[in-house]
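Protein chains in written order, with the numbering used here: chain A, 1 to 255; chain B, 1001 to 1285; chain C, 2001 to 2335. No residue lacks a Cβ here, since even glycine has one placed at the ideal position from N, Cα and C. Okay, so here's the structure we're looking at.
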Amino acid sequence: MTTLLRVEGLTRLFGGLVAVNKVDFDVEEGKIIAIIGPNGAGKSTLFNLIGGTISPSSGKVFFAGNDITGWKPYSIARAGIARTFQTTALFEELPVYVNLVIGHRMRTRSGLWDVILHTPRQKREKNETTAKVLEVLEFTELGEYINAPAGSIPQEAQKRLAIGVALMGNPRLLLLDEPTGGVGMGETDNIIALIDRIRAKGVTVCVIEHKMRMIMSLADRIVALNFGVKIAEGDPQRVCDDPAVIEAYLGECIA
Amino acid sequence: MSFFFNQLVIGIQLGSQYVMVALGLTLIFGILDISHFAHGHLYMIGAYLLYIVMVLGGINYWIALIICMAALAVGGVVVERLVYRPLRGQPHINTFIAAIGLILVLETLVRGIQPKALSVPKPIDTTLQFAGINMELQRLFVIIGAVVLIVLLQLFIKRTRLGTAIEAVAQDREGAALVGINVNRISALTFAIATALAAAAAVLMAPLAFVSPEMGSVLILKAFVIVVIGGLGSMKGAIVGGYLLGIIEAMAIAYISSAYKDVFAFAVLIIILAIRPTGLFRGRD
Amino acid sequence: MAGIVRLWKKFPSKYGKAGIIVLVLALAVVMPWITSKYNVRILTLAMAWAIAALSLNLILGYTGQASLAHGALMGIGAYAFGIFAERVGLNFWLALPIACLVTAFIGLLIGLPSLRTKGPYFAIVTLCFNVIVYKVFENWQWLSGGIQGQVVPQPSFLQQRWARYYFVLGCLLLTLIVMHFIVKSLLGLTFMSIRSNENLAEATGINTFRNKLLSFVVSCFFVGLAGSMLAIENGQLDPTITIHLNSFYILIFLLIGGAATLSGPLVGAIGLYWLLDYMKKIGIKGIEEFRYLFFGLILIIVIIYMPRGLVGGLKQLWEWMKSRLKRRKIGEVPE
Ligand SMILES: Nc1ncnc2c1ncn2[C@@H]1O[C@H](COP(=O)(O)OP(=O)(O)OP(=O)(O)O)[C@@H](O)[C@H]1O
Ligand SMILES: [Mg+2]
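Rendered as structure tokens:
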């Protein structure tokens, strides 16, 4: 198995607070990795560091053999890392299908001259995008909302749409920050099924989750953080039984 | 050398005016997230009110100062209530547009009634001289007045419960609402204080310059420059930035060019923002 | 029944729209024959302002960046045209595109530092640029042509008032068509994604800075065109054409008409320009002097009660009526 993502000694300070502290881990291609940890453990910050939204104080991130530390978010996305945000981020006033079109934009090149001269390239890329949109709409089962503004559809569908937008650029690695956060317990099945289908497509997934039952069934491997430090790593059962993890969660971790 | 000190005094006096206007603006920006672009025009109204009360009404200058501050405080509350509060939660640009509307209303109103520039007599028309520095007494009044008001404002904010509430809202609006602070009352209060400060600046400055309908428009831009450089919502930043800008300007006028006197501030801002897109000091983002 | 409903749903978007466009276009074409010479001049100027509002619409309405330098850039376009056509003595057809390109280039220079900032910061920085440009024109006699200003030559085919009217109308249509293409393209959607959520756009692989810069530069090209049109119609330029108040007026035309629509800037610029002029010449003393007061009041009221502008508001009303109608129809035809 090849290593797709490698994080080495990643550290980020906010003033005096060490939000992420010398974290190392590898993600193997085709696997689902779960990142767990109590509130404020530094999970989202870790994703922001990998995705380039914020830059690390020290440490490195390698993706598919390249050192991507300090790259701009759009370069990292183009390199093949797609992500969703903890508070669902969408182009809210734009229709669902437009959200998806924008997700595919980085794979198309037509610019101002194509617009003015109506080049065949623009036409071809529009067709490509349409085909991809239809594919992802079906994959995420969002067909019924195609024309609705993204901000107006149900919370659970919004979460799937955010994943859909991320999938539009054909990523190799998908970072999901609490994909079921804020969704009622009964409605998570759709999302879990979606993540399963993504794995089946061969996309590597890194997921932050609080719902332990979901992680136990989904993840191949777990990385546990507390106060920015990695406190455990390994297969789900091992991590869940780890005394440090149990302590961090005040004994809540009963799968 | 005495020329230099003369310019320095003028710089401090210009800076005093900037600080008084910028302090109010930074409070409003920090607390309500409103780019209150009409703040300079309320300043202008303050100067005209002084003309009405003092020159037309024959009331003593220092009493007129109090009257103008009180009247403009009420004016600020009305503006907040009628124009900005209905726009809360709207995109930033909308409040900006509303402010431009307000500017048009105020400036046209004043220009329509009295198109000519007016002058206000100095309450005590003497010039102080010491160590080669010539200084009109009114300039000293501006400088001292600003210091007194800044100290009073600091005491109010640090020492009173209402003041602490203002600071709390400036730092974290949702959090403040959660702990039971009435955000509506605080924003009205902030507008009252900010506008009264602008009125004080206008009354103190009026005897040194002409009173005209457009006197607030360049001033407000400079105040914005100060607020952005000093960090949105940061009072310390507004004070330091205001005095600094005043001194830089006075020196630039003396040693570089007076034709471009209003441009330096903006050039400085552009350079700073190009290097650090979110301002020099870290205020509230 | 379902067929009729479907047709009805299509009506406003397809046939209705085409009908309105044809009607307005026909009206615009016959206008010089059915109205006074004075009105033709006012309409010509109003259409130049409409081009300016359309250009601001690209960067503000679609890309979400509130530029307050457009007044200065319009003035730069006007002066560039005047200087190249009169002082350099270039052919009209050369001077016009060069004026637009010069404006676009200055826009690039202004955009490079200022587009690094966001939201209100960007508005303030561009406003500062506007004041600087105005002060430069005010103080640099060589550039602005001194007290007598810059004379702008009118080429022989634009001597007639109606000829200038049709020329500006043509430029307006050109601007509209280009804007229409941009808005409907992948590029246009990219711009809108930045307006909607810049961080998400960046995380979705879009180089937001480059796209904002592109949008700004294209916008500047067209505001340069608007400036050139004003220069040609007026035949004379002075530094006040670069004043920041003009930025405000362009902004007001756009927002009252309705940003992020193509008809909004047209309605706003032409309607308000005409209204302002009407208030000026109506001859009632109070109205003439206080017309900007009404203008300001309208602005405040529209922004509070109709934040999407007149066209946006009408669209909303139309959608609402349609949904009411549809509901009633469904109610009438039970299973
Ligand atoms: N931009 C920032 N500036 C300052 N501090 C920050 C910033 N972002 C995060 N933090 C701090 O870093 C710490 C880690 O935050 P982070 O959002 O990564 O936690 P998390 O593990 O995702 O928690 P949660 O489960 O609540 O989402 C927190 O203490 C947070 O307050
Ligand atoms: Mg988090």
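Taking C-beta pairs closer than 8 Å, name the residues in chain C that residue i reaches, listed in chain order.
{"i": "residue 1094(B)", "result": "2303 and 2307"}
{"i": "residue 246(A)", "result": "Within 8 Å Cβ-Cβ: nothing; residue 246(A) doesn't reach chain C, min ~34 Å."}
{"i": "residue 1035(B)", "result": "2120, 2123 and 2124"}
Nearer than 7 Å: is that true of the beta carbon of residue i relative to any heavy atom of ligand 2?
{"i": "residue 44(A)", "result": "yes"}
{"i": "residue 2150(C)", "result": "no"}
{"i": "residue 220(A)", "result": "no"}
{"i": "residue 177(A)", "result": "yes"}
Taking all protein chains shown into account, do 16 or more other C-beta atoms lie within 10 angstroms of the C-beta of residue i, making it buried, or fewer, making it exposed?
{"i": "residue 1069(B)", "result": "buried"}
{"i": "residue 2093(C)", "result": "exposed"}
{"i": "residue 154(A)", "result": "exposed"}
{"i": "residue 50(A)", "result": "buried"}
{"i": "residue 2278(C)", "result": "exposed"}
{"i": "residue 2067(C)", "result": "buried"}
{"i": "residue 1264(B)", "result": "buried"}
{"i": "residue 2244(C)", "result": "buried"}
{"i": "residue 1229(B)", "result": "buried"}
{"i": "residue 2002(C)", "result": "In this prediction, residue 2002(C) scores a pLDDT of 48, lower than 50, which makes its location untrustworthy; no coordinate-derived value is stated."}
{"i": "residue 159(A)", "result": "buried"}
{"i": "residue 66(A)", "result": "exposed"}
{"i": "residue 2049(C)", "result": "buried"}
{"i": "residue 243(A)", "result": "exposed"}
What is the DSSP secondary structure of residue i, reduced to helix, strand or coil?
{"i": "residue 2243(C)", "result": "coil"}
{"i": "residue 2296(C)", "result": "helix"}
{"i": "residue 199(A)", "result": "helix"}
{"i": "residue 1114(B)", "result": "coil"}
{"i": "residue 92(A)", "result": "coil"}
{"i": "residue 1119(B)", "result": "coil"}
{"i": "residue 19(A)", "result": "strand"}
{"i": "residue 1236(B)", "result": "helix"}
{"i": "residue 1027(B)", "result": "helix"}
{"i": "residue 233(A)", "result": "strand"}
{"i": "residue 8(A)", "result": "strand"}
{"i": "residue 1188(B)", "result": "helix"}
{"i": "residue 221(A)", "result": "strand"}
{"i": "residue 2315(C)", "result": "helix"}
{"i": "residue 2160(C)", "result": "coil"}
{"i": "residue 2024(C)", "result": "helix"}
Taking residue i as the query, report the chain C residues whose CB atoms sit under 7 Å from its CB, ordered along the chain.
{"i": "residue 249(A)", "result": "Per Cβ cutoff of 7 Å: no residues; residue 249(A) is ~30 Å from chain C at best."}
{"i": "residue 1231(B)", "result": "Going along chain C, no residue has its Cβ under 7 Å from residue 1231(B), so there is no contact; the nearest lies around 12 Å."}
{"i": "residue 73(A)", "result": "2202 and 2203"}
{"i": "residue 1086(B)", "result": "2304"}
At 7 Å on the CB atoms, spell out the chain A contacts of residue i, in chain order.
{"i": "residue 2196(C)", "result": "91, 92, 93 and 94"}
{"i": "residue 2192(C)", "result": "94"}
Closer than 7 Å to a non-hydrogen atom of ligand 4 - does that hold for the CB of residue i?
{"i": "residue 49(A)", "result": "This structure does not include ligand 4; its bound ligands are ligand 1 and ligand 2."}
Which bits of chain C does residue i rub up against, with CB to CB less than 9 Å?
{"i": "residue 1108(B)", "result": "2289, 2290, 2291, 2292, 2293, 2294, 2295 and 2296"}
{"i": "residue 126(A)", "result": "2185 and 2186"}
At a CB-CB cut-off below 8 Å, which residues of chain B make contact with residue i?
{"i": "residue 2116(C)", "result": "1273, 1274 and 1277"}
Can you tell which of the options has the C-alpha that lies nearest to the C-alpha of residue i?
{"i": "residue 2072(C)", "options": "2303(C), 2202(C), 2061(C) and 2249(C)", "result": "2249(C)"}
{"i": "residue 22(A)", "options": "32(A), 56(A) and 89(A)", "result": "56(A)"}
{"i": "residue 1036(B)", "options": "1013(B), 1024(B), 1226(B) and 1111(B)", "result": "1024(B)"}
{"i": "residue 70(A)", "options": "31(A), 84(A), 10(A) and 38(A)", "result": "10(A)"}
{"i": "residue 1092(B)", "options": "2112(C), 2121(C), 2088(C) and 2311(C)", "result": "2121(C)"}
{"i": "residue 2265(C)", "options": "2292(C), 2082(C) and 2312(C)", "result": "2312(C)"}
{"i": "residue 2069(C)", "options": "2081(C), 2061(C), 2056(C) and 2063(C)", "result": "2056(C)"}
{"i": "residue 1067(B)", "options": "1243(B), 1053(B), 1076(B) and 1121(B)", "result": "1053(B)"}
{"i": "residue 2187(C)", "options": "2212(C), 2200(C) and 2153(C)", "result": "2212(C)"}
Should residue i be listed as close to ligand 1, given that the test is whether its C-beta is under 7 Å from any heavy atom?
{"i": "residue 1017(B)", "result": "no"}
{"i": "residue 1171(B)", "result": "no"}
{"i": "residue 17(A)", "result": "yes"}
{"i": "residue 85(A)", "result": "no"}
{"i": "residue 40(A)", "result": "yes"}
{"i": "residue 14(A)", "result": "yes"}
Chain A partners of residue i, CB-CB under 9 Å?
{"i": "residue 2214(C)", "result": "111 and 112"}
Residues of chain B with CB closer than 7 Å to the CB of residue i, please, in chain order.
{"i": "residue 2124(C)", "result": "1224 and 1228"}
{"i": "residue 2135(C)", "result": "1260, 1262 and 1263"}
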